[in-house]
Structures are given as C-alpha cells and as structure tokens.
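Visitor: Numbering (our numbering), first residue to last: 9 to 154. Backbone N, C-alpha and C define an ideal beta-carbon position, used for all residues, glycine too. Before we start, here is the structure in question, set down as structure tokens.
Here is the structure:
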C-alpha cells in the first residue's frame, strides 16, 4: 500500500462527515447505497483484522441489511444519529457507531468513541488497537464474514 493511500485513509477518516439523523433517512440511504454499490467496498469492524480485500456486492448488501436490523434493535431511540457519511449522494466513507458503545458521538469530547464499523472505498488501516469487541459482537461479525 502506498504512503499516499495511507495518508488518504487517515485524512478521510478525520474529515468532514454528515450524520443521518432520522431512521427514514437511513432507510433511503441504505437503499441508495445498495443500488449504487459494486465490489469495491471494504467493510472493517474495529477490533477485528483490517480487511485486505473489498467485499462483493452481495456481501455488502447482506452487511447493510444486517447492520440495519442491529441498529434498529439496539438503538432504541426515535432518531438514528449513529451513521455518518462523507457524501450522502455519492458516499465513499461511512462510519457506523455501535449502539452499545456510544459515549459522546456528536459534540465535543476529549476522548470520542471510535465507530464500530467503517465502510470505505479505499483500503482501510488500523484505527485503534485498544478497541474491544464483545463476544456477542464478535459472533455477529463472524456470522457475516467468518
């Protein structure tokens, strides 16, 4: 992996993102992503090995379906606010925060939480070696990609 790609990944991760605030908006976003998606997306669960290959279109669609169920089930709020995207119409970087580890996602914090999952069009790099996946999250992830 080139130094430029490494720099780009970290710059993009720290870049500007817009939150998807309403569940209806998230449903629309997922539909749009699945319709536009190809085989070029990496799906990275922090706490697991960094993927070295993008997932297939089918795997991405399956992940989106499963993460949507998980988010609705575990983020028992009337708003979403835990999915952030670099561009809502032509996304290339998506951060999904784990409902079980939110801390202060929006606003200011000296130690903001890391997302639980990152979807990106460029090869991802390690984000936080201290990220811990619970056994239930690890089983969920392995059921999808194990």
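Would a C-beta distance cut-off of 9 Å place residue 230 and residue 151 closer than the cut-off?
Guide: Since the first residue of the chain shown is 9 and the last is 154, residue 230 is not available in this structure.
Visitor: Can you tell me which of 39, 33, 31 and 63 puts its alpha carbon nearest to the alpha carbon of residue 46?
Guide: Looking at the Cα atoms, 63 is the closest of the given residues.
Visitor: Could you check whether residue 148 and residue 52 sit closer than 9 Å to each other, using their CB atoms as the reference points?
Guide: Contact flag unset, no.
Visitor: Just mark residue 134 as buried or exposed, buried being the case when its beta carbon has 16 or more other beta carbons within 10 Å.
Guide: Answer is exposed; the Cβ neighbour count stays below 16.
Visitor: Under a three-way DSSP split, which group does residue 128 fall into?
Guide: Residue 128 falls in the strand class under three-state DSSP.
Visitor: Using only alpha-carbon positions, find the residue among 104, 131, 25 and 14 that is nearest to residue 98.
Guide: Of the candidates 104, 131, 25 and 14, the one whose C-alpha sits nearest the C-alpha of residue 98 is 25.
Visitor: Does the distance from the C-beta atom of residue 104 to that of residue 68 stay below 9 Å?
Guide: Against a cut-off of 9 Å, the Cβ pair of residue 68 and residue 104 comes out as no contact.
Visitor: Where does residue 87 land, buried or exposed, given buried means 16+ other C-beta within 10 angstroms?
Guide: Counting Cβ neighbours within 10 Å, residue 87 comes out exposed, since fewer than 16 surround it.
Visitor: Once you ignore the five residues that flank residue 113 on each side, which residues in its own chain have a CB closer than 6 Å to its CB?
Guide: At residue 113 the pLDDT is 46, less than 50, meaning the model places this residue with poor confidence; the figure from the coordinates comes in the next sentence. The answer, listed in chain order, is 105.
Visitor: If I'm right that residue 17 touches residue 130 with Cβ under 8 Å, what's the distance once you round it to whole angstroms?
Guide: Contact flag correct, Cβ pair sits at about 6 Å.
Visitor: Going by DSSP, what residues sit across from residue 50 in a beta bridge?
Guide: Paired residue(s): 128.
Visitor: Going by other Cβ atoms of all chains shown within 10 Å of its Cβ, with 16 needed for buried, is residue 55 buried or exposed?
Guide: Per the 10 Å Cβ criterion, buried.
Visitor: Does DSSP put residue 63 in a helix, a strand or coil?
Guide: DSSP places residue 63 in strand when its eight states are reduced to three.
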